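Visitor:
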Amino acid sequence: MKFGVVVFPGSNCEADCYHVIDQVLGQEVEYVWHHRTDVSSYDCLVLPGGFSYGDYLRCGAIARFSPVMEAVGAFAHEGGLVIGICNGFQILLEAGLLPGAMLRNTSLRFICRFVNVRVENAATPWTNRAHEGQMLRIPIAHNEGNYFLDQDSLRRLEEEGRIILRYCDQQGEVSEEANPNGAAGNIAGVCNEGFNVFGLMPHPERASEEILGSTDGMVIWESVMAHHGGKR
Amino acid sequence: MTELYEELGLTGEEYRDIIRALGREPNRVELGMYSLMWSEHCSYKSSRAVLSQLPTRASYVLQGPGENAGVIDIGGGLAVAFKMESHNHPSAVEPYQGAATGIGGIVRDIFTMGARPIACLDPLRFGDPGKARTRYLLGGVVAGIAGYGNCLGIPTVAGDLYFDACYDGNPLINVMCVGLMPKEKLTKGVATGVGNAVVLMGNRTGRDGIGGASILASQEFDETSQEKRPSVQVGDPFTEKLLIEACLELLDKNLLVGLQDLGAAGLICATSETAARGNVGMKIQLDDVPLREEMEPFEIVISESQERMLAVVEPKKLPEVMGICEKWGLNAVVIGEVVEGDILEFYWRGEKVAEVPASTLANGPIYDRKAEKPSYIEQAQRLDTGNLKHPEDYGQMLMELAGSPNLCSRRWVFEQYDHMVQLNTVVYPGSDAAVLRIKGTSKALAVSCDGNSRYVYLDPYMGTQIAVAEAARNVVASGGVPMALTNCLNFGNPEKPDIFWQFKEAVRGLADAASFLELPVVSGNVSFYNESFGEAIFPTPVVGMVGLIGNLAHHRTIAFPGGGLLVVMLGETLEELGGSEYLSLLHGMVAGRPPALDLKMEKKVQATCIEGIRRGIVLSAHDCSEGGAAVALLECCCAGGMGANLEVKTDIHPLYWLFAESQSRFLVTIREEDLSAMQELASVREVPLHVLGRTGGDHLVVNDWINLGVEEMTKAREGALEALMSGGGRE
Chain R
1 MKFGVVVFPG SNCEADCYHV IDQVLGQEVE YVWHHRTDVS SYDCLVLPGG
51 FSYGDYLRCG AIARFSPVME AVGAFAHEGG LVIGICNGFQ ILLEAGLLPG
101 AMLRNTSLRF ICRFVNVRVE NAATPWTNRA HEGQMLRIPI AHNEGNYFLD
151 QDSLRRLEEE GRIILRYCDQ QGEVSEEANP NGAAGNIAGV CNEGFNVFGL
201 MPHPERASEE ILGSTDGMVI WESVMAHHGG KR
Chain F
1001 MTELYEELGL TGEEYRDIIR ALGREPNRVE LGMYSLMWSE HCSYKSSRAV
1051 LSQLPTRASY VLQGPGENAG VIDIGGGLAV AFKMESHNHP SAVEPYQGAA
1101 TGIGGIVRDI FTMGARPIAC LDPLRFGDPG KARTRYLLGG VVAGIAGYGN
1151 CLGIPTVAGD LYFDACYDGN PLINVMCVGL MPKEKLTKGV ATGVGNAVVL
1201 MGNRTGRDGI GGASILASQE FDETSQEKRP SVQVGDPFTE KLLIEACLEL
1251 LDKNLLVGLQ DLGAAGLICA TSETAARGNV GMKIQLDDVP LREEMEPFEI
1301 VISESQERML AVVEPKKLPE VMGICEKWGL NAVVIGEVVE GDILEFYWRG
1351 EKVAEVPAST LANGPIYDRK AEKPSYIEQA QRLDTGNLKH PEDYGQMLME
1401 LAGSPNLCSR RWVFEQYDHM VQLNTVVYPG SDAAVLRIKG TSKALAVSCD
1451 GNSRYVYLDP YMGTQIAVAE AARNVVASGG VPMALTNCLN FGNPEKPDIF
1501 WQFKEAVRGL ADAASFLELP VVSGNVSFYN ESFGEAIFPT PVVGMVGLIG
1551 NLAHHRTIAF PGGGLLVVML GETLEELGGS EYLSLLHGMV AGRPPALDLK
1601 MEKKVQATCI EGIRRGIVLS AHDCSEGGAA VALLECCCAG GMGANLEVKT
1651 DIHPLYWLFA ESQSRFLVTI REEDLSAMQE LASVREVPLH VLGRTGGDHL
1701 VVNDWINLGV EEMTKAREGA LEALMSGGGR E
């Protein structure tokens, strides 16, 4: 399976994603510079975390005008697999490939820590190797992860099973105390209608090796690989 | 002109030296250059002679002091660059930007050497935690470090934080950066090759930070300090991130002759230092410097606008260099060329506006300041604990210490820092040292910083030795062999003999401890004039230590790793409370002598611990420091979520056993079957070993002295700083 890791000026998790895909998953991977306009050679595109364009205007607001984003949009519309992690998620929101917007964390502080998230829908390309209700321990690291969506759209997302991950406590309960940033409905990750585009605030690449404290992020990589293998 | 030089912070004698160097009166531009380059901050004129006693050599030192950062060889073709610096005064004036640009500066020092920055560490000192201003400064500084460092994608993995009223008017913001590189990529800030181009990269130049080095860093604070706000630069981490990537790409492709960052004293510092190191001159066209606003030539040469780099490039490689800068969206402009001789010439609108010998700028005056032992020391050292009323409930006392501002959990701080990016952080903040794996090898680095200024205040020589010993001990507890150190020496006004005595004694302590422990000092920084309204801070040397873990499997944390293990103390507890957290917190006293340190014993205890770790006998290790054995035990319990039952047999009073901050001690856990092997390791080195009891249960029980639940202790530790920051202060 061939992954493309999109690099915007200011991305800073691209090398981490590359490392995990290459060294841990043993899959083919290339960097995709933000000027590229053709991404058709990849099986899955990864929009990594970081501070694209410094996040100066609004997270992801400038990156979405990068030349590559038009290609990413076309790729996604044709059913191509796209995962946006943290800043990558914010860019997908700004580009309209996923619904909603990000507000600042309710604490108004950057938060870097391990959190628990619960898999809400295990029938997606990104979670098919997990089971519904499975708890994953994965780190977050962001200033703007307070996911916002109006009530109607939120209900629609729920009905369509597009809420993929929610922050939960040690017992798997989705509670206010377990919500690190104020996100609506404790939402940590959502999909588009076709489930081929996935955005999430937690960093699965940071939970893919035992030595770093958790391998719970692997289920996401393994799911997308299984999905791709099954399709082929 | 006489008035101007004084306004610029130069003395009459220095002005006469400038005339001697030039053979004539300097013009306005030249005077501005000298005032900056000869400021304490840039010239180290008070400290250079004293610092010359530091040990700087070892077989593995690739670069010692004098460059942008020190570099050591860690084997396998890899090298580590690291340095510590201060950004105290800017942060006191504008905490967010002051701290942010501090990160920017130290990170540039590291990638200038050709290394990719892989970690930052931030030792911080603030005033009375009950004051609203302290909270404002701490909040701003931490947000600034986070805002800048997180954006760069460099994990902030360690640091420390102390509060003391002596820092009320003058907090300390020290920053350390560590970088990793292939050995052959080591790059220096040297200009060579007549005819080579001088290229300025990065941000445009503006009026920000005009005279930062002389105005902020080389003067004390008083009621006009807030007026100095325009001298604080504004950080742009996005451009810095682009500079990191562009410069590392340029170096990777061997396109540069030399590279230097623009920090204090901006363009004049970068050009004079690179030219002086390479024994060449330069012709610089100031008209070609990209400006943000209309500026005078003297402003252009001294501006401290951030995120700028100076590169020396062979003309034939210019197109490729420009192409890479363009790819990263960076300004890059040829502003001059390397010429024969040692003269720096600056042109502006067709006229030569300055002509100075580079070496006279880069090598300023050297002073042998007067030193006199301060009168406070003898009085402060006389501690009579006989009159003190000591509490009887040790458990309650431990709880009080655990939740105190200086000892409580730093989670509120380090969770604001991205400490995981780059996927190297194996041991997170909160243990003795952070551990960073080196991908593609079985090795790891252990990094730590330390400096208890209370000890140094009471005895600068001994206190500074302790800082070195403790930083090394922290690395050892994490499984690393300490290799080399950097430091930031924060002191008051060196023109005052009592302050300069503190400085000299501290440096003597640093030199002696580093020599004895065979730790070369490869880089460092001196920050003087840390005073407000004539009151100096406690003398505060901070030591940053880098150690190597040869086999990643040997890394350790402080956490009790399981139940049923033996808890063992290596080293001896003495009847000493001088300078302790206990005295300060419960009696409001900074008095007595700092804990005794026997460097010979220190070395042996460290060797015992590291050997125990290497053989797989020692499963966790924690050094005993502030708060004594009791606080260390509590931290091991909380980190592991595991209790312990200890029966301590000792002749000394429980108060001392629990709260004395005796040096050269480790708390380790071992399996019962390994006890005789551990005893053997200790006895051949004549290291005292005491079996204290076993891990297990959910309480920490020590004789009939202490019986506390792990959950209750954790609660006391974890919430304290957040509660402190959310207010309830006295102002």
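Read top to bottom, the protein sequences are chains R and F. Just so you know, we're using the numbering used here here: the first sequence kicks off at 1 and counts up by one. Just so you know, we're using the numbering used here here: the second sequence kicks off at 1001 and counts up by one. Using N, Cα and C, we set each Cβ at its ideal position, and we do this for glycine too. These figures come from a predicted structure and were not determined experimentally.
Report the partner residues of residue 1158 (chain F) according to the DSSP bridge assignment.
Guide: Residue 1158 (chain F) pairs with F:1121.
Visitor: Does residue 1451 (chain F) pass the burial test, meaning 16 or more other C-beta atoms within 10 Å, or should it be called exposed?
Guide: It is buried - the Cβ of residue 1451 (chain F) has at least 16 other Cβ atoms within 10 Å.
Visitor: To the nearest whole angstrom, what separates the beta carbons of residue 1471 (chain F) and residue 1556 (chain F), a pair I think is in contact under 8 angstroms?
Guide: No, residue 1471 (chain F) and residue 1556 (chain F) are not in contact; Cβ-Cβ is about 16 angstroms, not under 8 angstroms.
Visitor: According to DSSP, is residue 1357 (chain F) part of a helix, a strand, or is it coil?
Guide: In this structure, residue 1357 (chain F) counts as strand in the three-state DSSP scheme.
Visitor: Can you say whether residue 1019 (chain F) is buried or exposed, counting buried as having 16 or more other CB atoms within 10 angstroms of its CB?
Guide: By the neighbour-count rule (16 or more Cβ atoms within 10 Å), residue 1019 (chain F) is not buried but exposed.
Visitor: Taking the alpha-carbon positions, what's the residue 1422 (chain F) to residue 1080 (chain F) distance?
Guide: Roughly 16 angstroms separates the two Cα atoms.
Visitor: Can you list the residues of chain F that residue 50 (chain R) reaches, using a CB-CB cut of under 9 angstroms?
Guide: By Cβ distance, chain F contributes 1151, 1153, 1241, 1421.
Visitor: Where does residue 1665 (chain F) fall in DSSP's three states?
Guide: Reduced to three states, the DSSP call for residue 1665 (chain F) is coil.
Visitor: Starting from the beta carbon of residue 89 (chain R), find every residue of chain F whose beta carbon is closer than 7 angstroms, and list them in chain order.
Guide: Within 7 angstroms Cβ-Cβ: nothing; residue 89 (chain R) doesn't reach chain F, min ~16 angstroms.
Visitor: If you drop the 5 nearest sequence neighbours on each side, which residues of the same chain put their C-beta closer than 8 angstroms to that of residue 1062 (chain F)?
Guide: Excluding sequence neighbours, residue 1062 (chain F) sits near 1071, 1072, 1073, 1079, 1183, 1186.
Visitor: On the three-state DSSP scale, how would you describe residue 1488 (chain F)?
Guide: In the structure shown, residue 1488 (chain F) sits in a strand (DSSP, three-state: E or B).
Visitor: Is it right to say residue 1011 (chain F) is buried, meaning 16 or more other beta carbons lie within 10 angstroms of its own, or is it exposed?
Guide: The residue in question, residue 1011 (chain F), is exposed, as its Cβ has fewer than 16 Cβ neighbours within 10 Å.
Visitor: Could you tell me the distance, in whole angstroms, from the CA atom of residue 1013 (chain F) to the CA atom of residue 1021 (chain F)?
Guide: When rounded, the distance between both Cα atoms is 12 angstroms.
Visitor: Quick test of your reading: residue 1410 (chain F) and residue 1391 (chain F), contact by CB under 8 angstroms. State the CB separation rounded to the nearest angstrom.
Guide: Their Cβ separation, rounded to whole angstroms, is 26 angstroms, which puts residue 1410 (chain F) and residue 1391 (chain F) out of contact at 8 angstroms.
Visitor: Leaving out the 5 sequence neighbours to the left and right, which residues in its chain are closer than 6 angstroms to residue 1708 (chain F) when beta-carbon positions are compared?
Guide: So the list reads 1395, 1700, once near-sequence residues are dropped.
Visitor: Kindly list the residues whose CB is nearer than 6 angstroms to the CB of residue 1674 (chain F), restricted to its own chain and excluding five residues on each side of it in sequence; keep chain order.
Guide: The residues are 1617.
Visitor: Report yes if the CB atom of residue 1113 (chain F) is closer than 8 angstroms to the CB atom of residue 1067 (chain F), and no otherwise.
Guide: Against a cut-off of 8 angstroms, the Cβ pair of residue 1067 (chain F) and residue 1113 (chain F) comes out as a contact.
Visitor: Pairing CB atoms from the segment 1364 to 1383 of chain F with CB atoms from the segment 1602 to 1618 of chain F, are three or more of them under 8 angstroms?
Guide: Contact fails: fewer than three Cβ-Cβ distances are below 8 angstroms.
Visitor: Does any CB atom of chain F fall closer than 8 angstroms to the CB of residue 9 (chain R)?
Guide: It does; some Cβ of chain F falls within 8 angstroms.
Visitor: Identify, in the order they occur along the chain, each residue of the same chain with its Cβ nearer than 8 angstroms to the Cβ of residue 1318 (chain F), setting aside the five sequence neighbours on each side.
Guide: Taken in chain order, the residues that qualify are 1197, 1199, 1334.
Visitor: Taking the alpha-carbon positions, what's the residue 210 (chain R) to residue 217 (chain R) distance?
Guide: Distance between the alpha carbons of residue 210 (chain R) and residue 217 (chain R) is about 11 angstroms.
Visitor: Short of 6 angstroms in beta carbon distance, which residues of its chain neighbour residue 1572 (chain F), apart from the five on each side in sequence? Order them along the chain.
Guide: Within the same chain, residue 1572 (chain F) has close Cβ partners 1688.
Visitor: Could you tell me if residue 1644 (chain F) is buried or exposed, where buried requires 16 or more neighbouring beta carbons within 10 angstroms of its beta carbon?
Guide: Classification of residue 1644 (chain F): buried, given that the 10 Å Cβ count is 16 or more.
Visitor: Closer than 9 angstroms, Cβ to any Cβ of chain F: which residues of the segment 203 to 216 of chain R, in chain order?
Guide: Here the close residues are 203, 205, 206, 208, 209, 211, 212, 213.
Visitor: Would the segment 1557 to 1571 of chain F and the segment 1082 to 1093 of chain F be scored as touching if the rule is three or more Cβ pairs under 8 angstroms?
Guide: Touching, no.
Visitor: Assign residue 1041 (chain F) to one of three DSSP states: helix, strand, or coil.
Guide: Helix.
Visitor: Exposed or buried, residue 1731 (chain F), counting other C-beta atoms within 10 Å across all chains shown (16 or more means buried)?
Guide: With a pLDDT of only 41 at residue 1731 (chain F), under the threshold of 50, the placement of this residue in the model should not be trusted; the figure read from the coordinates follows. Exposed.
Visitor: In the segment 87 to 115 of chain R, which residue ranges form an unbroken beta strand (DSSP E) of at least 3 residues, counting only runs that do not cross its ends?
Guide: 101 to 103, all fully within the segment 87 to 115 of chain R.
Visitor: Would you please verify whether the beta carbon of residue 56 (chain R) is less than 8 angstroms from any beta carbon of chain F?
Guide: Chain F contact via Cβ: present.
Visitor: Shorter than 8 angstroms from the beta carbon of residue 1446 (chain F) to some beta carbon of chain R?
Guide: Not an interface residue.
Visitor: Return no unless some Cβ of chain R is closer than 8 angstroms to the Cβ of residue 1479 (chain F).
Guide: Answer no: the Cβ-Cβ gap between residue 1479 (chain F) and chain R never drops below 8 angstroms.
Visitor: Taking only the alpha-carbon atoms, compute the straight-line gap between residue 1257 (chain F) and residue 1251 (chain F) and give it to the nearest angstrom.
Guide: Each residue's Cα considered, the two are about 9 angstroms apart.
Visitor: So, is the C-beta of residue 1237 (chain F) closer than 8 angstroms to a C-beta in chain R?
Guide: Yes, residue 1237 (chain F) lies at the interface with chain R (some Cβ there is under 8 angstroms from its Cβ).
Visitor: Quick one: any contact between the segment 1234 to 1241 of chain F and the segment 45 to 54 of chain R, if contact means 3 or more CB pairs under 8 angstroms?
Guide: Yes: the two stretches touch, three or more of their Cβ pairs being nearer than 8 angstroms.
Visitor: Is it right to say residue 1723 (chain F) is buried, meaning 16 or more other beta carbons lie within 10 angstroms of its own, or is it exposed?
Guide: Residue 1723 (chain F) is exposed by the Cβ-count criterion.
Visitor: Quick one: list the residues of chain R neighbouring residue 1416 (chain F), beta-carbon separation under 8 angstroms, in chain order.
Guide: Those within 8 angstroms of residue 1416 (chain F) in chain R are 109, 110, 111, 112.
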